[in-house]
């Protein structure tokens, strides 16, 4: 069996049965081998950022990795930003990067570059099998490495001759590592802190942002009075009616400081301590208040059992206490102008049960979380690593993972322009994704950050760097150009009707929400 | 003076007065400082691949670098593919990558990553000044490093606090290094080879592909009978009526082998030896025929004076001999079906004097070079590094460098989808770029390469990976969505009229040429 065929068989046997691809000549044997393994689904993206972002969205929802197929160093480069987001979200990805045949490298052909160097930016696991015989062991290892815990981007560099040569045998899946329990004495100490009566916040993230973790954390909060907080940008948050609500830390450090003000203890489970998203002159980077003691129960890199730890803590400090859960409460259908608030209200009014929301609306999306808090149960996926251009690919991958669930992508205009090619994949695969583009003709966040960084009000050249008008982008035209039906909404009632229609019809749709221009 | 302001002043003083930008929060002080240095032009791209490809196109035509402004590791990642092309073309680029403030890195905020690791994929010169005081020395060094010879991508990582802190003073430009002469005994030996009467090819590239190098090489060829060949993918080739024509090595190794067949000597000036673009099972990677002796006069990495070497050789072996030059000869305006040949004929019939052609038409562009060989003098810019997605950004940058020259971008449909956002920058800046998209609804080159690599005919899944229909891309709609007027051409006469009109009007235009579908 040639390497590529055995490799795909190894992937499928390990449960990796979706491959997001943007191949080139060095990947031709992998591509040809797709037909020899019927269980493997191949989904083409027209740009590598689509491929890697879709792999991220897929794994967040499927709970297992997809494979990517990228073309040499430049293909990896194009996929790097969304792999960065996956790294930050600890999403498992089997990142396959095709390379020249091993013997061809010495000739320094035009596409030769240091692939491993670029991969180091996103992967701490990088392997480059040299022969077909080594390939399947490396593949099985890559899947296990990607799965963690914690999840990670495992990069497998695939030389063309390892792919096309005979002599490969599929390898059985590795036994998966389970999350280890947190030490009992750590839990004992933290339980004492929680019941001490001193002001305490319980900050959770990562794997604790799903139902089981949220329920345990909410029980602890209800029993002890600890303030329950969630990380700013979770990979996947389960929320809505019937689940415990959670207040997320704000993006602005000013807001985070208010949320943490007065705390004597900060108990952290499966996320990092609160730090500024960026540095600002004269402002603190580390946002734990003076005099507040930090107690790390689970650091995300440990791969410890965060949910188990929360449940054990709840059993100690909250025996018999139920969590407070969110009741069903939708906003009214909005009327009037289109703006962040009315789009959010439309979303809250209509959000279907089981929806998956991919949120890259940035400043325009400020109200979306609040307006949907009491909507039927749904998942909320955010921009974990700050590398914009994840929203459309993320929605694409989530829809591939969950074909029976509606996906809604809240997308800022600036961010939409990074990886818009995802719309074509949505059309081709008939994915049930409704994209709302918030068109305010601005990098609105930079208009805000210019002042926050103390860089001043900005002269005409500076301001023009945030200005997305001149010419205005026409997202209806862009969307239709990639085969996705689209409508423009200039008032809230029109937007609500368009959203209702898009949700009712199968396949992808795009709604361009024309917001007031941000200057 | 704050670091950013002094840095921009240092750039401008060194002749770097265009900055292609896609900034974020960590670059706000750089952005604000743009207004304090009126000579610096800032050109916004909506995606980093546009920024880096435009910097490549700019420098190829301006003969000096532009600066980029990218946002941390993910921004660099998005720009990496076109920096790869710049690296391969030895284009000078001052690649500025903003980073968190130095003291913020330890907190591992979401956008933190190993920027230098990713930069190593494209830059052998990487510097990260830690303070405002060090910044301008590093900047002046970066410009000099970028300029070479040979040109290169010099990456300057810019911590936000080095940018915003006081205490910086602009630094005067470094003295530029001039190209050293090739040793006289090398030239003596090669002159003897050239006049030996044995079959000899003279293969030139890089800096030798401009008028002076071409004239000297053509004189040598005329006097000695040496077969004159050019590298496959030159960064900038001057050609057309009045200049010596040059046959470029083919992309296919089968073709290259024919071109080099029977040669006893291969004299190489400012390019690498002929090697396969990719490896193919059972085929050679190194394409110098057996028994052919290679004589390297200038290796591109030496930064030696290739043009001077050719002129010295010509003075020895071709004294009094004039080069053969191309006479003016345009094809007729085509009629009939739209295909690679008729689009090429339309281009040859209408190509304006002084045009800059950015060629990323891939398989569809096969006839373009031949049909324009006798058109008025023009420049031809190619995909130097094989990382597709350079054409539209390259045209953008070339048009910024040469506002008085028409730019024509020949663009394959698949490649167009990588960095299409460049159209918006063309519209915003009013650039005189005419883009012809060859829409054959296929990654046609992969359809060809599947067979060439011996991977077989391809089953339905494999073939679907090259299929850009389902849905068809509508480039007219995409172009208009970014503010660039567009027309679709379904017959050759219609295409010719559309091209004539686009060339006559200022500002950007796009023509979608509907070719037969490649299956």
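Protein chains in written order, with my numbering: chain A, 1 to 519; chain B, 1 to 519.
Cβ atoms here follow ideal geometry from the backbone N, Cα and C, with glycine treated the same way.
If I'm right that residue i touches residue j with Cβ under 8 angstroms, what's the distance once you round it to whole angstroms?
i, j, result
"residue 310 of chain B", "residue 226 of chain B", "Their Cβ separation, rounded to whole angstroms, is 12 angstroms, which puts residue 310 of chain B and residue 226 of chain B out of contact at 8 angstroms."
"residue 26 of chain A", "residue 278 of chain B", "6 angstroms"
"residue 508 of chain B", "residue 433 of chain B", "5 angstroms"
"residue 384 of chain A", "residue 493 of chain A", "So it is not a contact: roughly 34 angstroms between Cβ atoms."
"residue 155 of chain A", "residue 119 of chain A", "4 angstroms"
"residue 473 of chain B", "residue 482 of chain A", "7 angstroms"
"residue 344 of chain B", "residue 373 of chain B", "Going by Cβ atoms, the distance from residue 344 of chain B to residue 373 of chain B rounds to 10 angstroms, so no, they are not a contact pair."
"residue 94 of chain B", "residue 222 of chain B", "With 8 angstroms as the limit, residue 94 of chain B and residue 222 of chain B do not qualify as a contact, their Cβ atoms being about 40 angstroms apart."
"residue 522 of chain A", "residue 400 of chain A", "For chain A, the structure presents residues 1 to 519; residue 522 of chain A sits outside this window and is missing."
"residue 160 of chain A", "residue 458 of chain B", "That belief does not hold up - the Cβ atoms of residue 160 of chain A and residue 458 of chain B are roughly 16 angstroms apart, past 8 angstroms."
"residue 436 of chain B", "residue 388 of chain B", "Not really, about 16 angstroms apart at Cβ, beyond 8 angstroms."
"residue 98 of chain B", "residue 71 of chain B", "6 angstroms"
"residue 471 of chain A", "residue 427 of chain B", "5 angstroms"
"residue 462 of chain B", "residue 35 of chain A", "6 angstroms"
"residue 322 of chain B", "residue 219 of chain B", "7 angstroms"
How would you call residue i, buried or exposed, if buried means at least 16 neighbouring beta carbons within 10 angstroms?
i, result
"residue 242 of chain B", "exposed"
"residue 423 of chain B", "buried"
"residue 290 of chain A", "exposed"
"residue 314 of chain A", "buried"
"residue 261 of chain B", "exposed"
"residue 192 of chain B", "exposed"
"residue 163 of chain A", "buried"
"residue 386 of chain B", "buried"
"residue 294 of chain B", "exposed"
"residue 59 of chain A", "buried"
"residue 418 of chain A", "buried"
"residue 490 of chain B", "exposed"
"residue 185 of chain A", "exposed"
"residue 499 of chain A", "buried"
"residue 244 of chain B", "buried"
"residue 169 of chain A", "exposed"
"residue 189 of chain B", "exposed"
"residue 443 of chain A", "buried"
For the beta strand (DSSP E) holding residue i, just list the boundary residues, first then last.
i, result
"residue 367 of chain B", "It is not in any beta strand (DSSP E) - residue 367 of chain B carries neither H nor E in the DSSP assignment."
"residue 239 of chain A", "237–239"
"residue 411 of chain B", "407–412"
"residue 203 of chain B", "200–204"
"residue 382 of chain B", "378–382"
Using a beta-carbon distance below 8 angstroms, is residue i in contact with chain C?
i, result
"residue 440 of chain B", "Checking the listed chains, one finds no chain C in this structure; the protein chains it contains are A and B."
Return the first residue and the last residue of the alpha helix (DSSP H) that residue i is part of.
i, result
"residue 437 of chain B", "Where residue 437 of chain B is concerned, there is no enclosing alpha helix (DSSP H), although the beta strand (DSSP E) it sits in stretches over 433–439."
"residue 519 of chain B", "Here residue 519 of chain B belongs to no alpha helix (DSSP H), and DSSP marks it neither H nor E."
"residue 423 of chain B", "422–429"
"residue 185 of chain B", "184–194"
"residue 579 of chain B", "No statement about residue 579 of chain B is possible, as the shown extent of chain B runs from 1 to 519 and does not include it."
Cβ of residue i within 7 angstroms of any heavy atom in the ligand HEM?
i, result
"residue 515 of chain B", "This structure does not include the ligand HEM; it has no bound ligands of any sort."
Could you name each continuous beta strand (DSSP E) segment of 3 residues or more that falls completely within the region 97–162 of chain A, going from the start of the chain to the end?
-> 125–127 and 153–159
Quick one, which residues of the region 473–486 of chain A are near chain B if we go by CB-CB under 9 angstroms, in chain order?
-> 473, 474, 475, 476, 477, 478, 479, 480, 481, 482, 483 and 484
Please specify which runs of the alpha helix (DSSP H), each continuous and at least 4 residues long, are wholly inside the region 480–513 of chain B, giving them in chain order.
-> 492–504
Which residues, in chain order, does the region 313–328 of chain A contribute to contact with chain B at a C-beta distance below 9 angstroms?
-> none
Listed from N- to C-terminal order along the chain, which residues in the region 409–440 of chain B have their beta-carbon within a distance smaller than 9 angstroms of any beta-carbon of chain A?
-> 414, 417, 418, 419, 420, 421, 424, 427 and 428
What are the complete alpha helix (DSSP H) segments, minimum 4 residues, inside the region 12–44 of chain A?
-> 28–33
If contact means a Cβ-Cβ distance below 8 angstroms, which residues of the region 107–126 of chain A contact chain B?
-> 107, 108, 109, 110, 111, 113, 114, 115, 117, 118, 120, 121 and 122
Tell me the start and end of each unbroken beta strand (DSSP E) in the region 47–87 of chain A that is at least 3 residues and wholly inside, in chain order.
-> 67–71
Tell me the start and end of each unbroken beta strand (DSSP E) in the region 277–365 of chain A that is at least 3 residues and wholly inside, in chain order.
-> 293–298 and 356–360
Jot down the residue ranges of each uninterrupted alpha helix (DSSP H) in the region 211–269 of chain B, minimum 4 residues, whole runs only, in chain order.
-> 211–224 and 253–260
Which ranges would you report for the alpha helix (DSSP H) in the region 444–476 of chain A if only whole runs of at least 4 residues count?
-> 444–452 and 460–464
Chain B contacts from the region 79–102 of chain A (Cβ-Cβ distance under 7 angstroms) | 80, 81, 84, 88, 100 and 101
Using a Cβ-Cβ cut-off of less than 8 angstroms, give me the residues of the region 8–29 of chain A that come near chain B, in sequence order.
-> 21, 23, 24, 25, 26, 28 and 29
Could you run through the region 266–296 of chain B and flag, in chain order, every residue whose CB is less than 7 angstroms away from some CB of chain A?
-> 272, 275, 276, 277, 278, 279, 281, 285 and 286
With 8 angstroms as the C-beta to C-beta threshold (strictly closer), list the residues of the region 159–184 of chain B near chain A in chain order.
-> 160, 161 and 164
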